[in-house]
Each structure stands twice: as structure tokens, then as C-alpha cells.
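Keeping their order, the protein sequence lines are chains A and B. Going left to right, the first sequence walks through residues 1 to 328 as the numbering used here numbers them. Going left to right, the second sequence walks through residues 1001 to 1328 as the numbering used here numbers them. Structure, as C-alpha cells:
Protein chains: 2
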Amino acid sequence: MLHESALQTPALLVDAADLEHNLETMSRARPGASLRPHVKAHKCTGLARRQAGAGHGSFTCATIRELEGLAAAGLGDDLLLANEVLDASRLGRIDARVTLAVDSPETIAAAAAADLREVLIDVNVGLPRCGCAPEDAAGLAERARAAGLEVRGVMGYEGHAMLVEEREKREQLVADSMQILRAAHAAVGGELISAGGTGSYDCNALASEVQAGSYLLMDTAYAKLGLPFREALSVLARVISVSRDYAVADCGLKALGMDHGNPSVDGARVWFCSDEHLTFAPEVRVAVGDYVRVRPAHVDPTLAYHRELHVVEGGEVLETLPIDLRHW
Amino acid sequence: MLHESALQTPALLVDAADLEHNLETMSRARPGASLRPHVKAHKCTGLARRQAGAGHGSFTCATIRELEGLAAAGLGDDLLLANEVLDASRLGRIDARVTLAVDSPETIAAAAAADLREVLIDVNVGLPRCGCAPEDAAGLAERARAAGLEVRGVMGYEGHAMLVEEREKREQLVADSMQILRAAHAAVGGELISAGGTGSYDCNALASEVQAGSYLLMDTAYAKLGLPFREALSVLARVISVSRDYAVADCGLKALGMDHGNPSVDGARVWFCSDEHLTFAPEVRVAVGDYVRVRPAHVDPTLAYHRELHVVEGGEVLETLPIDLRHW
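Structure, rendered in C-alpha cells:
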């Protein structure tokens, strides 16, 4: 069996036991179709297959490429593109059940022109991003039905609540958002109320399905919320240079999503990252050639830099999975 | 000919005239081997070939993969890995002239074990990253020569000066760093003094070769320095949703290096980026389906997310080049 130390660094590692723990913990809390895992977090059909094996056969996607890849891998039972697109014609060519989020006359027209059959009305519930104004939801549903589309329900992502560390405040923001979505759903109809994420999986009382993705691998930002999920993801890096006050490892900006700030290294203070370097001050002296585990601040844009991830246990590589849903 | 609007978004665009301007401007200032272009900025052999065509046949790399790719493309006349590595055995298999930076007994041993022939002594000139203490340079050179390696000279990257906006302060930092490198070079010997970057290409009076890379495509961080290079790079994105106060384009964290902060959009204020979204407030109303040009804050980690770039002129795609030196 391959040992971690045989891997080229930087290398993405996923701890097998933590992965299993996260899968089980979420499946107990939100079994079956009450979770629609968001694959944007990992972009890996191998991990999506694990989620399907845990009972979640419907998926959330952020890009057309993610749907194409899942469908090609035989995971196309029920795929939601939780995003607006104008080149919906690509979706029409996918051999899978495809549902598209729409929030405007233009995106409805694109869906209809692509011969798609099913849509969700995407409603703005407080995050300034996509989603129609709540008062426009009913009219858009009517327009979609008039265009021959089946409206499966509504979607409303309370992203502004997702990383709020104070639990009570987070719950209040989620509740406020879902009050908006409840009203929109009453006006739109349909069986689906798709919402939520890792930060609200256990406090979103309205969603018929939660779109959580980060729970599976986690990152240092979500770790601050005190959720029962473990940080399964790290980047294996190697110390290539040691100075008096600091050391340098071979893991930099091109191996890490940086929008949530610097990564963490256990037992060290991270100074800064360069393209291919991490400068850090270790508490205990390290030597050139030592390995360190770097914990990314944001899982999604970290995985999007890597071609593959390695599932490991006790230093052994159990499995190497391609991150095959990258790009667009 | 393909029009920009036929591209899937997000798409990396390089303006052909700006690219030519940047090539020519740099080649006039630092002709031939006085520039050793750093390919980490673009990771694209097609662009490296342009630089070779402009007279610069020697290249700087940050990863072994970059050397492997350049060598395979026939651009291996003189490749410098300006970084420390322990798996130098991979370098030993490359059919090219390979020079490796070393800064410790361990990295010298790795170079010798890999049957490499040439090294540079990497000296810390003020940036807390790789590079030996200046007083150790002579001893390391001696050790390298004793191990059968040819020491071509020294390298010292004044990265802490590179993005200092105030010109006088930048020049002073560069001068201070090069004073350190001059002394190290006197102790080490060899014909090469490799240093510098886009921010010091015209004020580093010591370097026999400058390792600039960003000059070719530029980004909003380097644009603040008032250099004569143009911002040739942008990301083409499409407006997918419009609300009263803002709009959303399909270009997010997975299409942009974010360590220098948010990208810019001409005629708009950028609010924030999500995985696949850019929320921005345009000065003039935009419509769903409109195209916008997004200017990244940092070129290097932006290109590392993309498979290809498109060289464009007046809306037409002249050429599509694979970004083939990505990963490690």
C-alpha cells in the first residue's frame, strides 16, 4: 500500500475516519432526500458516490460541468442546478433528471428554449446574490408554467447566515429568511423547498431538503461554528527551508482557497502564503524534509486547484479520487 | 473566426495588443538573457514561446512541473527552478539544462543525489521565505562544489519590495537587498546574479538577470505601481441576475486568485465573490445576458484555476492557449 510520504507535495488528504463520521452524522440528522448534497464543495464524483451510498441520491450543483460529470458517472437521478444560467442548452443535452433554478424572465426563457422540463423559483431571502424579489416569485412561477415548465417549488439560500458564529443569531437569521421563503412557497406551490447549508442543517425547520456540502470535508471557517463535523481535509506539505524564526513549506496560493484568509498549521503560527510557499513559525523546531498538515480556511476553492485527493488512514493511502468536476 | 460571445463563461481573455505592448516594453528595457521570465505567472508554454521569440530563451520556474512542461515544449535551453525541492530526482530526468536553487545542506544533497549539474545559492535578502542567511552562502557554495555541483552564482528575491507603491521607498528596499546579494555573490562567485521581478525590473541595478513574470499579463495590484505595462488579462463573465441595487455575474472564487482581495469591474463597485458568483453594483444599469470584464487582483493564482486562455482582439478570439503548466 502507498504511504503518504510517497505522494508528491502539496497533496490533498482526506482522513477516512473523519469522512465516515461526517457522512454518518449528517445522514442521521438529515436522512435520504432531506439532504441534497452540494457537490461544489468537493467536485468529486467519488465522494458524491459515497453520499449516494449514504442514502442521498439527489444532488445540488453550482455549474453545468458538475451536472454533466455526475450524470456521466451514473448519479443523475435528480440533479438541481442551484444557479442561474443562460446557456441552458448544455443542460438539455444531459441524460439525467435536471432541475434548474430561475429568477427572471430571461432565465425562464433559456430553460424553455433548452427543452428543460423542471425548474425551481429562486427567491432572494436576504443574501445579495441571485434570487428574485419575494413578491415576484408567484408571477415568475406563472410565467414558467405558461412556458411549459414544471415548477417543482422554491429555493432560497440563506448564505448570509451560514458562517455566523453565534448560534442564536444564526438561528434568528435563518428563521427570518425562511419566513420569506415560506410565503414565497405558498404563492408558488410545488413539493420542494430547497434551502440551507452546513451552517443551518440542524436549524432550518422549513427546508424540505438542505443543500449542505462543506459538512463532508469541513474547513477552519466552518470549524468555528462548533458543529459535530470533523475537519477531514488537509494539505500535506513538506518543509523545504528552515530559518531561525520560521520555516517554509511547499504549499501556497495555488494549493489553497484564500478568500477566508490564511490556512492553519497545527502547532504553528502562519505568517503568509506566496504562490508555492507557506511561511510559518513552528512552536517546536522543524527540519528540512519534515511533513506538515495545512488546514485550508475554505474548502471549495481549495479543492478546485487540485486534480485529485487521497483518502488516508494511519499514514496509508486507501484510495485516490480524481476531482473530476472542476472548471465549467 | 470565433467571437468572444461564443465562449463559455467564465473565460480568461488576454488582449493581443496589450500583450504585444508588454512583451516589447520589457524586451527593450531588459533584452535577451537580462530577463529570465518567470513562467509561474502564466503557466502557459504558448506564452513562454512568445517570450522566447522576444529574445528571452532562459526561464524561471517555481515548480518541477513547470520545468517538465517547458522542456517537453522544446523550451529547455536554460531552466532555473528558483525554489527549493527535495524530490530533485524528478529534475534529473528532464531533458534540458536545469539549474536548481539550494539554500541548505539538505537541498544540496538532494541536487547531488539527483545527478543535477548546476545550482544557484539562494540567499535571503529580506523576504522571510527561502534563502540561506547571507553569512552562510560561501559555506554552502563550497559544500555544493565539494558534492560535484557547478555553482552558477547567487539568487536573492527582494519580494518584500515588489508591491511597495511609493517608488522611492521601493527603490531603497531593492538597493538594500541587493547590497546583501552583492556581498554574497562576492563570496560565492559564478556568473549569475538572479533577482528581481516586475516591481523592480527597472531599478534593480545589480541583477544580471531579472525574474519578472507578472509584467506580461499584469493585475490590479501591480497596476497600482504606475509601471509602463498594461493590464492585458481579464475574465469574461456574464450577468446572470439583476436586482434593484446590484447585479450578479458568473465569475467567482474558483475563477479568481483572491489573496490580494476582490477583483475589479470597470464602471462598477464590487461587493463580494462567492464560489461561482460576483455581486457588484454597476454605475449604469445592466441586463441579464450582458458581458462584463472582471480584472483579477492577482494574476498567478487566477491563471492556475483555468484550463486555457483566449488571446483576443476587437472581440475576436485569435488563439486559444492551454494553461498547461498547472499543478505540481
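Glycine residues also receive a C-beta, built at the ideal position from the N, C-alpha and C atoms.
Is residue i helix, strand or coil when you go by DSSP?
i: B/V1248; result: strand
i: A/E142; result: helix
i: B/T1063; result: coil
i: A/M26; result: helix
i: A/A184; result: helix
i: A/H298; result: strand
i: B/Y1215; result: helix
i: A/D15; result: strand
i: A/A109; result: helix
i: B/T1009; result: coil
i: B/L1127; result: coil
i: A/R90; result: helix
i: B/S1034; result: helix
i: A/L173; result: helix
i: A/E338; result: Given that chain A is displayed from residue 1 to residue 328, the structure contains no residue 338 of chain A and the question cannot be resolved.
i: A/G74; result: coil
i: B/S1200; result: helix
i: B/G1315; result: coil
i: B/V1039; result: helix
i: A/G189; result: coil
Could you list which residues in chain A have their beta carbon closer than 8 angstroms to that of residue i, in chain order?
i: B/M1258; result: G257, M258, D259 and P301
i: B/D1136; result: Those do not exist, as B/D1136 stays about 10 angstroms from chain A at its closest Cβ, beyond 8 angstroms.
i: B/N1124; result: S243
Report the neighbours of residue i on chain A: residues whose CB is nearer than 9 angstroms to its CB, in chain order.
i: B/D1087; result: Q8, T9 and R238
i: B/D1176; result: The contacting residues do not exist; B/D1176 stays about 18 angstroms from chain A at best.
Can you say whether residue i is buried or exposed, counting buried as having 16 or more other CB atoms within 10 angstroms of its CB?
i: A/R143; result: buried
i: B/S1005; result: exposed
i: A/Q179; result: exposed
i: B/L1318; result: exposed
i: A/M155; result: buried
i: B/D1115; result: exposed
i: A/R295; result: buried
i: A/R167; result: exposed
For residue i and residue j, what's the separation of their Cα atoms in angstroms?
i: B/A1133; j: B/L1127; result: 11 angstroms
i: A/D78; j: A/R28; result: 21 angstroms
i: A/A138; j: A/D122; result: 11 angstroms
i: B/C1061; j: B/L1100; result: 10 angstroms
i: A/G153; j: A/A141; result: 9 angstroms
i: B/R1326; j: A/G199; result: 33 angstroms
i: A/D259; j: A/S214; result: 15 angstroms
i: A/Y246; j: B/V1265; result: 38 angstroms
i: A/A161; j: B/V1014; result: 38 angstroms
i: B/E1118; j: B/F1229; result: 33 angstroms
i: A/K254; j: B/K1040; result: 10 angstroms
i: A/W271; j: B/A1221; result: 20 angstroms
i: A/K224; j: B/G1252; result: 24 angstroms
i: B/L1081; j: A/A113; result: 52 angstroms
i: A/L217; j: B/S1274; result: 18 angstroms
i: B/G1289; j: B/I1240; result: 6 angstroms
i: A/L334; j: A/D219; result: Not covered by the structure: residue 334 of chain A. The range shown for chain A is 1 to 328.
i: A/Q211; j: B/Q1211; result: 46 angstroms
i: A/N262; j: A/A297; result: 6 angstroms
i: B/L1067; j: B/L1091; result: 8 angstroms
i: B/S1058; j: B/I1064; result: 15 angstroms
i: A/E313; j: B/T1107; result: 30 angstroms
i: A/S243; j: A/L173; result: 47 angstroms
i: B/V1299; j: B/G1257; result: 7 angstroms
Which residues in chain B have a C-beta closer than 8 angstroms to the C-beta of residue i? List them in chain order.
i: A/C130; result: I1240, S1241, V1248 and H1277
i: A/C273; result: D1259
i: A/K224; result: Per Cβ cutoff of 8 angstroms: no residues; A/K224 is ~19 angstroms from chain B at best.
List, in chain order, every chain B residue whose beta-carbon is nearer than 7 angstroms to that of residue i.
i: A/E106; result: V1288 and G1289
i: A/T63; result: E1276
i: A/D103; result: S1241
i: A/A304; result: K1254 and Y1305
Could you tell me whether any non-hydrogen atom of the ligand NAD is closer than 8 angstroms to the CB of residue i?
i: B/G1315; result: In the structure shown, the ligand NAD is absent, as is every other ligand, since no ligand is present at all.
List the residues of chain A that residue i touches, going by C-beta distances under 7 angstroms, in chain order.
i: B/H1327; result: R307
So, is the C-beta of residue i closer than 9 angstroms to a C-beta in chain D?
i: A/K169; result: No chain D is part of this structure, whose protein chains are labelled A and B.
Chain B partners of residue i, CB-CB under 9 angstroms?
i: A/E84; result: I1240, S1241, V1248, D1250 and V1288
i: A/A71; result: What A/A71 touches in chain B: nothing, since even the nearest Cβ is about 18 angstroms away.
Since residue i sits in a beta bridge, which residues does DSSP pair it with?
i: B/M1155; result: B/D1122 and B/S1194
i: A/V98; result: A/L79
i: A/P282; result: A/A268
i: B/L1309; result: B/L1012 and B/L1321
i: B/A1237; result: B/V1292
i: B/C1273; result: B/L1278
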